[in-house]
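Protein chains: 2
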Amino acid sequence: MCYNVSMQRVPVGERLPTLEDVARVAGVSRATVSRVINGIRNVDPQLHEVVWDAVGRTGYVPNRMARSLVTRRTGTVALVVSDSESHDDDPFMSRFFADPYFGRVVGGLMSVLRQAGVQLALQIVGSDDGRRRLVGDLRNGQADGVIVLSLPAVDALPRMLTEGGVPAVMIGRPAEPVPINYVDLANETGATIAAEHLLGRGCRRIGMISGPADVPASHDRISGFRRSTAKHGHGWVPIVAGNFTQESGEAAMRSLLAESPDLDGVFVANDLMAVGALLALRDAGRRVPEDVAIVGFDDSSAAVSAAPPLTTVRHPLEDMAAEAARLLLARIEDPEMRASSVIYEPTLVLRKSA
Amino acid sequence: MCYNVSMQRVPVGERLPTLEDVARVAGVSRATVSRVINGIRNVDPQLHEVVWDAVGRTGYVPNRMARSLVTRRTGTVALVVSDSESHDDDPFMSRFFADPYFGRVVGGLMSVLRQAGVQLALQIVGSDDGRRRLVGDLRNGQADGVIVLSLPAVDALPRMLTEGGVPAVMIGRPAEPVPINYVDLANETGATIAAEHLLGRGCRRIGMISGPADVPASHDRISGFRRSTAKHGHGWVPIVAGNFTQESGEAAMRSLLAESPDLDGVFVANDLMAVGALLALRDAGRRVPEDVAIVGFDDSSAAVSAAPPLTTVRHPLEDMAAEAARLLLARIEDPEMRASSVIYEPTLVLRKSA
DNA sequence: GCACATTTGGAGAGCGCTCTCCGATCGATC
DNA sequence: GATCGATCGGAGAGCGCTCTCCAAATGTGC
C-alpha cells in the first residue's frame with residue numbers, strides 16, 4: 001500500500017498552528033490575523049494577502065472552542081428529543097429513530113442548517129435531571145439554540161427553556177400553553193379532510209385508529225375527526241387508540257373490526273399504523289378500498305409502498321422542520337424576537353386505499 | 001397564565017455563575033472547586049461538602065467550552081455523512097435521511113453514546129473543500145472522534161482522517177484499503193445465502209437487482225451472488241442496477257422482466273428496492289412468490305409491511321452501529337489502539353416472498 | 001522534640017481566541 | 001509646514017476552566 005503525504009503542513013511538533021503561529025509567519029500581530037480571518041474592518045489589502053498566504057502555508061484552522069469561549073457562539077444547534085422515561089437501552093428510542101418521522105425532521109433541519117454552516121447535535125433527555133442539566137449546558141452556550149421534539153404529553157422542558165432564555169423552537173405545539181416558538185400542522189383540519197373524504201365516497205360506518213390521546217397532535221386529530229363526523233350526523237364513532245407503530249395499528253384494526261363488523265371506512269392517525277391496519281384487514285378477508293376504505297396520515301414513504309397505496313393526509317414535515325430551523329436561526333440572531341408559531345395546512349393525497 | 005419561578009438562582013446580572021463565584025461562596029479557591037467537581041485527589045470531606053453546597057446554591061454548571069479548551073476533550077462524536085457531490089438543497093440528502101438506514105444507524109449509535117454521556121453531532125460533507133475543513137476542525141478538537149458513513153465509491157475522507165490522526169470508525173468498509181477502523185457486514189455471504197435460498201426452493205431462472213456497482217457493499221453483494229449462482233451451474237444471470245430507492249427498484253424490475261420474461265426468482269440488494277420490485281411484479285400480473293420469488297436485503301421495517309412480507313437477509317445495522325460507537329470510544333480512550341474491523345454475519349429471515 | 005515524608009489547598013500560568021483601547025501613520029486642509 | 005481627522009496595526013486583557021508547581025499543614029518515627 002502506498003501512502004502519499006497529501007497534507008504538507010508545517011508541523012510544530014504535535015501542536016497545531018495557532019493564530020500566533022500564523023502571525024509570526026506573516027510578520028504581523030495576532031489581532032491582525034484575527035481581523036483578516038473574520039473579515040472585520042478594512043485591513044490593508046497587501047497585508048490581507050500576506051496573512052491569507054501565511055494561513056495557507058501553516059495550514060491554520062481556527063479553533064472553534066477557543067472562539068466560542070469568547071464570542072459565546074458555537075455554530076451548533078441541538079436537536080433535543082425529550083422523552084418522559086427512556087432509559088439507556090430502551091427499545092423505544094431505537095424504534096423512534098427508525099421511524100421515518102425522525103429522518104424527515106433531520107433532513108428538513110439539515111437542508112437549512114447546512115447552508116448556514118451550523119451543525120446539528122443530537123440530544124436525548126429522559127429524566128427531569130437530564131432536562132435540568134441540558135438547560136444548564138444550553139445556557140452556558142453549549143449550543144446556540146435548540147429544536148425540540150417533545151414526546152411526552154406534558155413536558156416541563158419547553159417552559160424550562162423559555163425561562164432559561166434559551167432560543168428554542170418546537171416541532172409540534174406544546175401540550176400546555178408556553179410562550180415558545182413552534183411549528184405545527186393543523187391536525188384538526190387534517191382529520192376533518194380525512195373524515196369528509198371517507199363520508200364523501202359514501203362510507204356509512206366509519207371509525208378511527210388514533211394515537212395516544214394525551215399527545216397534542218393525536219388529541220387534535222381525534223377531536224377534528226369527532227367534530228366533523230358529528231356534523232355529518234354520526235353521533236358516535238368507534239375510536240381505538242394505538243401508539244403509532246405498525247403492530248399497534250394491526251391490533252387496533254382487529255379490535256375495531258370485532259367491535260363494529262360492519263365498518264366500511266377507517267381514518268388512521270398515521271401511515272405506519274395504517275399499514276398495520278391493512279394487514280389486519282387482509283387477514284380478515286376484507287378488500288381495501290371496496291369493503292373498507294382507509295385514509296392514513298403523514299404521507300410517509302410507507303404510504304407509497306403499502307398495498308394498496310394509501311390515500312393519506314400529507315404532513316409536510318420536511319418543510320416544517322426547515323421552517324423551524326429558519327425560525328430558530330432568526331431567533332438566535334435577534335434575541336428580542338417574540339415567540340411566534342407557524343401552522344401548516346395539510347392536504348389530502350389520493351391513492352388507492354380510499 | 002402563571003409563571004412560577006422554578007429556578008431560584010443567585011443571578012449576577014446576566015452572567016452565569018462561574019467557578020470563581022462558587023469558590024467565593026464556598027470560601028475556597030477556584031482550584032479546590034475544580035478538584036471537587038472533577039473528583040480529583042482527596043479533598044477534605046468537609047470542604048467537599050461545603051463546595052457542593054455552594055454549587056447548589058449558585059446553580060453552577062461547568063462551561064463545557066472552557067473545559068474543552070484546556071482538556072482537549074469535547075464529549076462529542078461527529079457522525080459524518082460523506083457524499084461526493086451534494087449541494088445545499090440536494091433532494092438526495094433528504095431522501096437519505098428518510099431512509100430507514102440512517103435512523104437505524106443513529107439509533108444504534110445513540111444507544112451506546114448516551115450511556116457514555118457523549119453527544120452526537122451531525123455533519124455532511126459534500127466537497128473536497130468541506131472534507132478538508134472537517135478534518136481541520138476535527139484535529140482542532142471540534143469532536144473527539146468521528147463515525148463515518150461514506151456514500152461515494154471512492155472517498156478521500158477515510159485516508160485524510162487516518163493521516164490527520166483523528167479517531168474514526170467507518171460503518172461499511174472503505175472502497176480502497178485504508179488502515180481505519182470499520183464495522184461491516186459480510187455482504188458476500190449475505191448474497192450467497194439469498195442465492196442459495198432461491199435455488200433451494202427450486203428457482204431455475206434467477207436474476208438480481210443490485211445497487212450501484214461502485215459502492216463496496218453493493219459490489220460485494222453482486223460478486224457473492226455471481227459466485228454462488230455460477231457454482232450452481234448458472235453461467236450467466238441477469239443483473240440490473242438500481243440506486244437503493246424504491247422507484248429505482250420498480251424500474252429495475254421492469255427491465256429485468258423485459259429482458260428475461262421467464263424469471264422465477266430475484267435477489268434484490270435492499271428492501272426498499274424490493275418493495276418497488278413487488279409493485280412492478282404486481283403490475284405485470286406476476287404473483288409473489290408463486291410466479292416469482294423475491295429475497296430482499298436489510299430486514300428493514302419495509303420488509304415487514306410489504307405485501308407479501310419480504311423474505312430478506314438480515315443486516316444487524318443497529319448492533320453494528322453500536323459496535324462502531326464502542327470501538328470509537330475505545331480508540332478515543334487509547335490512541336495507541338490499532339485499526340481493527342468487525343464483520344457481522346448476515347442471516348436469512350423467512351417471510352412470505354420466497 | 002526534631003527531621004522527615006505525606007497530604008492538601010492556593011497562586012498563577014496558560015488553552016487559543018476576540019476585541020477594546022491606543023498609539024502610529026497617513027492624507028488632506030489651511 | 002503645521003494641524004486635524006481618519007484609518008490601521010499592535011498590545012494586552014480577558015472568556016472559564018484545568019493543572020502544575022509550592023507552601024502550609026499534618027502525620028510519622030526515632
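Protein sequences appear in the order of chains A and B. Residue 327 in UniProt numbering sits at position 327 of the first sequence, and the numbers go up by one each step. Residue 272 in UniProt numbering sits at position 272 of the second sequence, and the numbers go up by one each step. We treat Cβ as the ideally placed atom computed from N, Cα and C, and that holds for glycine. Keep in mind the model is a prediction, meaning the values are calculated, not measured.
- Determine, using beta carbons only, whether PRO62/A and ASP298/A come nearer to each other than 9 Å. At least 9 Å separates the beta-carbon of PRO62/A from that of ASP298/A.
- Item | Proximal residues, the UniProt domain "HTH cro/C1-type" (18-47) of chain A versus chain B, C-beta separation under 9 Å | none
- Task: Find out if the Cβ-Cβ distance for the pair GLU122/B, LEU122/A is shorter than 9 Å.
- Result: Looking at the sequence shown, residue 122/B is not Glu but Leu. Yes, the pair counts as a contact, with Cβ atoms nearer than the cut-off.
- Task: Could you check which residue in ARG287/A, THR312/A, ASN243/A and MET320/A has the C-alpha nearest to that of THR347/A?
- Result: Of the candidates ARG287/A, THR312/A, ASN243/A and MET320/A, the one whose C-alpha sits nearest the C-alpha of THR347/A is THR312/A.
- Query: So with Cβ pairs under 9 Å, would you call ASP96/B a contact of chain A?
  - Reply: Going by the sequence as given, residue 96/B is Phe instead of Asp. With 9 Å as the cut-off, PHE96/B counts as an interface residue toward chain A.
- In its own chain, which residues sit with a C-beta less than 6 Å from the C-beta of ALA284/A, not counting the 5 before and 5 after it? LEU257
- Give a yes or no on whether 9 Å exceeds the smallest Cβ distance from PRO216/B to chain A. no
- beta strand (DSSP E) segments (min. 3 residues) lying fully within the stretch 296-353 of chain A: 311-314, 341-344 and 347-349
- Task: In the DSSP assignment, find the unbroken alpha helix (DSSP H) run with SER68/A in it and report its ends.
- Result: Run containing SER68/A: 64-71, per the alpha helix (DSSP H) assignment.
- Item | ILE40/B - DSSP class collapsed to helix/strand/coil | coil
- Item | Option in ALA153/A, PRO167/A, VAL125/A and GLY172/A with minimal Cα separation from ASN140/A | PRO167/A
- By Cβ distance below 6 Å, which residues in the same chain neighbour GLU259/B in space, the five residues on each side in sequence not counted? PRO238
- Answer with buried or exposed for GLU318/A, where buried requires no fewer than 16 other C-beta atoms within 10 angstroms of its C-beta. Buried.
- Message: For the beta strand (DSSP E) containing ASN181/A, name the first residue and the last one.
- Response: 181-185
- Message: For ILE209/B and MET170/A, I'd like the C-alpha separation in whole angstroms.
- Response: 41 Å
- Who are the neighbours of ASP128/B on chain A, taking C-beta pairs under 7 Å? Under the 7 Å cutoff, chain A gives no residues; its nearest Cβ is about 11 Å from ASP128/B.
- Item | Beta-carbon spacing of MET320/A, LEU185/A below 9 Å | yes
- Item | Contact set between MET337/A and chain B, taken where Cβ atoms lie within less than 7 Å | Residues of chain B with a Cβ closer than 7 Å to the Cβ of MET337/A do not exist, since the nearest Cβ in that chain sits about 18 Å away.
- With DSSP as the reference, label GLY145/A as helix, strand or coil. strand
- Message: Helix, strand or coil, according to DSSP, for ALA116/B in the structure here?
- Response: coil
- Item | chain A contacts from the stretch 101-130 of chain B (Cβ-Cβ distance under 8 Å) | PHE102, GLY103, ARG104, VAL106, GLY107, GLY108, MET110, SER111, ARG114, GLN115, GLN119, LEU120, ALA121, LEU122, GLN123 and ILE124
- Item | Validate contact between the stretch 114-131 of chain B and the stretch 72-84 of chain B using beta carbons, cut 8 Å, 3 pairs | yes
- Count the other CB atoms within 10 Å of the CB of PRO177/B; is the residue buried (16 or more) or exposed (fewer)? PRO177/B is exposed by the Cβ-count criterion.
- Query: Between the beta-carbon of ALA302/B and the beta-carbon of GLY107/A, is there less than 9 Å?
  - Reply: no
- Task: Specify, as a first and last residue, the run of the alpha helix (DSSP H) that ALA168/A falls within.
- Result: Segment 168-171 is the beta strand (DSSP E) holding ALA168/A; no alpha helix (DSSP H) there.
- In angstroms, rounded to a whole number, what distance separates the CA positions of ILE343/B and ASP220/B? 13 Å
- Checking contacts by CB at 9 Å: is ASP220/A closer than that to chain B? At a cut-off of 9 Å between beta carbons, ASP220/A makes no contact with chain B.
- Task: Starting from the beta carbon of MET65/A, find every residue of chain B whose beta carbon is closer than 7 Å, and list them in chain order.
- Result: Ordered by position in chain B, the residues that pass the 7 Å Cβ test against MET65/A are MET65, SER68, LEU69 and GLY141.
- Message: Using CA atoms only, rank isn't needed, just tell me which of SER223/A, ALA324/A and MET93/A is closest to GLY172/A.
- Response: ALA324/A
- Message: Measuring alpha carbon to alpha carbon, tell me which residue in TYR182/B, ARG64/B and VAL36/B is nearest LEU134/A.
- Response: ARG64/B
- Query: Looking only at C-alpha atoms, which of ALA213/A, ASP264/A and ALA217/A sits nearest to GLY242/A?
  - Reply: ALA213/A
- Same chain, Cβ closer than 8 Å to TRP52/B, five either side skipped, listed in chain order: VAL36
- Message: If we define contact as Cβ-Cβ less than 9 Å, is MET7/B a contact residue for chain A?
- Response: Low confidence applies to MET7/B: its pLDDT is 33, below 50, so where it sits in the model is not reliable, and the reading given next is rough at best. Output row for MET7/B: interface = yes.
- Query: Whose CA, out of GLU163/A, PRO261/A and ARG351/A, lies closest to the CA of LEU281/A?
  - Reply: PRO261/A
- Query: Does the beta-carbon distance from LEU138/A to SER82/A come in below 9 Å?
  - Reply: no
- What span of residues does the beta strand (DSSP E) with residue 355/B cover, start to end? Absent from the model: residue 355/B. The displayed extent of chain B is 1 to 354, so no value can be given.
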